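Quick notes on the structure that follows.
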Amino acid sequence: MWDKEHGPGAWIVQRYADVAAALRDPRFSAARAARWVNSSVSAPMRDELREFKRILSRALLFIEGNSHGRVRRALAAGFHGVSLQQHAPTITGIADELLDAVIAKATLDQNGNASVTFDFVEDVARALPARVIANLMGIAPEIQPRFIAAAGEIAAFIGSPLPDARRVFAAQDGLLAIRDHFASMLRYPVEVPPHSLTARILRQRDGGTLSTAEMLAQCCTLLFAGYETTRHLLGNGMLALLNHPTQWLALQRAPQRLPIALRELLRYDSPVQYTGRRLREDVVVGGQTMRKGQLVILDLAAANRDPSRFSMPERLYLKRDEGNHLAFGHGPHVCLGAGLTYLEAEIAFRAVMQRLPNLQLAPHTPEWQDNAAYRGVASLPVYCSLPSPGKQPIPVNLTAQDNT
148 MWDKEHGPGA WIVQRYADVA AALRDPRFSA ARAARWVNSS VSAPMRDELR EFKRILSRAL
208 LFIEGNSHGR VRRALAAGFH GVSLQQHAPT ITGIADELLD AVIAKATLDQ NGNASVTFDF
268 VEDVARALPA RVIANLMGIA PEIQPRFIAA AGEIAAFIGS PLPDARRVFA AQDGLLAIRD
328 HFASMLRYPV EVPPHSLTAR ILRQRDGGTL STAEMLAQCC TLLFAGYETT RHLLGNGMLA
388 LLNHPTQWLA LQRAPQRLPI ALRELLRYDS PVQYTGRRLR EDVVVGGQTM RKGQLVILDL
448 AAANRDPSRF SMPERLYLKR DEGNHLAFGH GPHVCLGAGL TYLEAEIAFR AVMQRLPNLQ
508 LAPHTPEWQD NAAYRGVASL PVYCSLPSPG KQPIPVNLTA QDNT
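Have a look at this one:
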C-alpha cells in the first residue's frame, strides 16, 4: 500500500510473510539515518545536525553488512546466556523495591481492610526499565532521571512520521547529552563499574573491535532502546492482562507459563509498531513494484495480527503457541536486547503476581502516549486489595483513611 502521509510518500507492508521476508532481505536497507534526519528540517539547518547524524549512522540500528556483523558480535555476549542471567538478582531487587514503595502507600478503610491505588506505568512500567538499564550501563542513580528524559526526546523523534525541527533538535540535544556523559566516563575508565555493559563495550574498544565513535554510538542507543520497549511491554501487557481477568488468574495459578504468555503479550500489543527501510534497488512485493530509493514502512503490529499467520489474531490467548511474533523484528537486525526485555518482564510480572495478586483496573480510562512508532499506555491507574497485616506481614506503613 502506498501512503502519502509519510513525507514524499512510503510503501506500507503489513502481511506477516512479506514483513518477515523484507526484514531478511538486504535490498531493504536499514542505513537510513542521515536521510531521515535531513528530511525533518530545511536544507540550511541540516549542517547543525551533523553530530546527531554521525551518532545515529554508527548505531547498530542503522548500520549494515560487515560493519553490522562486527558491532553486533562485539555486543552480543553481554545480552545472552550467563552474562544476561547475572543481572537477574539486580533486576529482582529493583522490582522488589518498587513494589515495596507501592505497598507502602496502602491505606486502611473503616473496616480495617488494606488497599492501594497507584499508577502502574509511573510506579513500575517506567521505573523498572529506567533503573535497570541505567544500572547496567553504570549511570549513577542521582543523574538517571536526566537521561531517561533525554531518551524520551529521542523516542518522540523516532515515533513521529513527520518530525518537525523542534522535535529533531530536542532529540539531538538529548542524544548529545547522553554521548557526552559516556565520553566523560570513558576518559576515566577506572570509574566505569567493572561488570557494567559500558565496561564490556570499553573492552571491545581497547581490543580493537570497536572504534571510540562506534563505542559511544552503541552506549547512547542501548540506553534509549533498553528503556522504551520494556516499559511499553510492561504497561501494555499489564493492561491486557487486567482486561482479561480469567486469563490473568489462570496465569497466576500456573506462573511457569509466563514465558509463553510474554510472547503472546508482545504479539497482541506490539510496543514497536513499525520499522523503516530504504530500497537499494527495485523490488516487487505482493505484485507491487517498489522503486529504488523509496521508503518502506514494515508494519510489525499489523503483521502480528495477520489472520493468515495467527488464528483469531484479535484475541489474547496466553497459551498461544503459533511460532514467532515480529515485535522484536527479524533477521540480521532482530533486537539485540530482546533477552534482557524478556528477563525484566518475567521478573516484574512474577513479582506482581506474588505480591499484588488482587490487582485490577481502577475506574479510570487508561491514557495512551502520542507516538506512532512506540505504542504504550502513558498512565494506567490500578487498584489492589491487600492481605490483612494481622494475617500476613507486609512491608507497609498503613494510615487510616479520612472518612469524614
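Here the sequence shown stands for residues 148 to 551, numbered as in the numbering used here.
Virtual Cβ for every residue (Gly too), placed ideally from N, Cα, C.
Note that the coordinates shown come from a computational prediction; the quantities given were computed from them, not determined experimentally.
Given this structure, state the Cα-to-Cα distance separating Val529 from Ala277, to the nearest angstrom. Mapped onto the sequence shown, residue 529 falls at position 382. Mapped onto the sequence shown, residue 277 falls at position 130. Each residue's alpha carbon lies about 21 Å from the other.
Start and end residues, beta strand (DSSP E) containing Thr436: Walking along the sequence shown from the start, residue 436 turns up at place 289. It spans 435–437 - the beta strand (DSSP E) in which Thr436 sits, taken as one unbroken run.
Span of the alpha helix (DSSP H), counted from its first residue to its last, around Phe329: Position 182 of the sequence shown, counted from the first residue, corresponds to residue 329. Element bounds for Phe329: 312–334.
Could you have a look at Tyr464 and say whether DSSP puts it in helix, strand or coil? In the sequence shown, the residue the question calls residue 464 occupies position 317. Three-state result, Tyr464: coil.
Using 8 Å as the threshold, is the C-beta distance between Leu463 and Glu514 below it? Taking the sequence shown and counting its residues from 1, the one referred to as residue 463 is at position 316. Taking the sequence shown and counting its residues from 1, the one referred to as residue 514 is at position 367. Taking 8 Å as the Cβ cut-off, Leu463 and Glu514 do not qualify as a contacting pair.
Since Ala488 and Leu344 should fall inside the 8 Å C-beta cutoff, what is the C-beta to C-beta distance between them, to a whole number of angstroms? Working through the sequence shown from its first residue, we reach residue 488 at position 341. Working through the sequence shown from its first residue, we reach residue 344 at position 197. One point to set straight first is that residue 488 is Thr, not Ala, in the sequence displayed. Rounded, the Cβ-Cβ distance is 14 Å, inconsistent with contact.
Per the contact definition of three or more C-beta pairs closer than 8 Å, is the stretch 282–291 in contact with the stretch 384–393? no
Span of the alpha helix (DSSP H) holding Ser572? Shown here, the chain extends from 148 to 551; a query on residue 572 therefore has no answer.
Determine which residues share a DSSP beta bridge with Cys531 and list them. On the sequence shown, residue 531 is found 384 positions in, with the first residue counted as 1. Its beta-bridge partners are Val263.
Neighbourhood of Asp270 by C-beta distance below 8 Å, restricted to the same chain and skipping five residues each side: Against the sequence shown, residue 270 aligns to sequence position 123. Excluding residues within five positions, the ones whose Cβ falls inside 8 Å are Leu245, Ala248, Val249.
Should Gln539 be labelled buried (16 or more other beta-carbon atoms within 10 Å of its own) or exposed? One-based indexing of the sequence shown puts residue 539 at position 392. Because Gln539 carries a pLDDT of 42, less than 50, the predicted location of this residue cannot be relied on, and no value is offered for it.
Under the assumption that Glu493 contacts Pro418 (Cβ atoms under 8 Å), give the Cβ distance between them as a whole number of angstroms. For the purposes of this step, residue 493 is taken as the residue at position 346 of the sequence shown. For the purposes of this step, residue 418 is taken as the residue at position 271 of the sequence shown. About 16 Å; that fails the 8 Å criterion.
Which partner residues does Ser176 have in the DSSP bridge list? Position 29 of the sequence shown, counting from 1, holds the residue named residue 176. Bridge partners of Ser176: Arg425.
Roughly how many angstroms separate the alpha carbons of Val263 and Gly228, rounded to a whole number? Within the sequence shown, the letter at position 116 stands for residue 263. Within the sequence shown, the letter at position 81 stands for residue 228. About 37 Å.
Classify Leu508 as helix, strand or coil using the three-state DSSP reduction. Residue 508 sits at position 361 when you count from the first residue of the sequence shown. Of the three classes helix, strand and coil, the one that applies to Leu508 here is strand, per DSSP.
Straight-line Cα distance separating Asp165 from Leu203: Here residue 203 corresponds to residue number 56 of the sequence shown, with the count starting at 1. Here residue 165 corresponds to residue number 18 of the sequence shown, with the count starting at 1. Cα to Cα, the separation comes out at about 27 Å.
For Asp353, report the span of its alpha helix (DSSP H) as first-last. Within the sequence shown, residue 353 is the residue found at index 206, counting from 1. Counting along the chain, the alpha helix (DSSP H) containing Asp353 begins and ends at 344–353.
Starting from the Cα of Val279, find the closest Cα among Val184, Gln233, Arg179, Gly423 and give me that residue. The residue you call residue 279 lines up with position 132 of the sequence shown. Answer by Cα proximity: Gln233.
Just the Cα atoms here: how many angstroms apart are Arg162 and Asp243? By 1-based counting over the sequence shown, the position of residue 162 is 15. By 1-based counting over the sequence shown, the position of residue 243 is 96. Approximately 41 Å, taken between the alpha carbons.
Count the CB pairs spanning the stretch 352–367 and the stretch 319–329 that are closer than 8 Å, and state whether there are at least three. yes
Based on Cα-Cα distance, which residue from Tyr521, Asp194, Leu388 lies nearest to Ala312? To locate residue 312, count along the sequence shown from 1; it is residue 165. It is Asp194.
Euclidean distance between Cα positions of Phe329 and Ala223: The sequence position of residue 329 within the sequence shown is 182, counting from 1. The sequence position of residue 223 within the sequence shown is 76, counting from 1. Each residue's Cα considered, the two are about 20 Å apart.
Apart from the five residues just before and just after Phe209, which ones in its own chain have a Cβ nearer than 8 Å to its Cβ? Here residue 209 is taken as the residue at index 62 of the sequence shown, counted from 1. Cβ neighbours of Phe209 beyond the five flanking positions: Ala177, Ala178, Arg179, Ala180, Leu203.
For Phe457 and Ser189, what's the separation of their Cα atoms in angstroms? What you label residue 457 is simply residue 310 of the sequence shown in a count that begins at 1. What you label residue 189 is simply residue 42 of the sequence shown in a count that begins at 1. Rounded to the nearest angstrom, the two C-alpha atoms are 43 Å apart.
Apply the 10 Å Cβ neighbour rule to Leu196 and answer buried if 16 or more other Cβ atoms are within range, or exposed otherwise. Taking the sequence shown and counting its residues from 1, the one referred to as residue 196 is at position 49. Buried.
Beta-carbon separation (whole angstroms), Val443 vs Val160, contact threshold 8 Å: The residue labelled residue 443 in the question sits at position 296 within the sequence shown. The residue labelled residue 160 in the question sits at position 13 within the sequence shown. Confirmed, about 6 Å.
Is the separation between the beta-carbon of Leu508 and that of Cys531 shorter than 8 Å? As a working mapping, residue 508 is identified with position 361 in the sequence shown. As a working mapping, residue 531 is identified with position 384 in the sequence shown. No, the Cβ-Cβ distance between Leu508 and Cys531 is not below 8 Å.
Close-in-space but distant-in-sequence residues of the same chain around Arg314 (CB under 7 Å, 5 per side omitted): What you label residue 314 is simply residue 167 of the sequence shown in a count that begins at 1. The residues are Ala303, Phe304, Ser307.
Residues of its chain near Ser187, where Cβ-Cβ distance is below 6 Å and the 5 sequence neighbours each way are ignored: Within the sequence shown, residue 187 is the residue found at index 40, counting from 1. Cβ within range, chain order: Pro310, Val315.
Between which two residues does the alpha helix (DSSP H) harbouring Val218 extend? Here residue 218 corresponds to residue number 71 of the sequence shown, with the count starting at 1. Note, Val218: alpha helix (DSSP H), 212–223.
Provide the residue span of the beta strand (DSSP E) that contains Asp453, from first to last. Along the sequence shown, read from residue 1 onward, the residue named residue 453 stands at position 306. Element bounds for Asp453: n/a, residue is neither H nor E.
Opening and closing residue of the alpha helix (DSSP H) in which Val499 lies: Translated into positions along the sequence shown, residue 499 becomes position 352. 485–502 is the extent of the alpha helix (DSSP H) around Val499.
DSSP has Ser526 in a bridge; who is on the other side? Taking the sequence shown and counting its residues from 1, one reaches residue 526 at position 379. BP columns for Ser526 point to Glu514.
Take Ala387 and list the residues in its own chain whose beta-carbon comes closer than 7 Å to its own, dropping the five residues that flank it on each side. Counting from 1 along the sequence shown, the entry for residue 387 is found at position 240. Same-chain partners within the cutoff: Leu412, Tyr415, Asp416, Leu463.
Own chain partners of Ala298 with C-beta closer than 6 Å, once the 5 adjacent residues on each side are dropped: Position 151 of the sequence shown, counted from the first residue, corresponds to residue 298. Excluding residues within five positions, the ones whose Cβ falls inside 6 Å are Phe371, Tyr374.
Pro336 and Leu357: beta carbons closer than 8 Å? Taking the sequence shown and counting its residues from 1, one reaches residue 336 at position 189. Taking the sequence shown and counting its residues from 1, one reaches residue 357 at position 210. Going by C-beta atoms, Pro336 is not nearer than 8 Å to Leu357.
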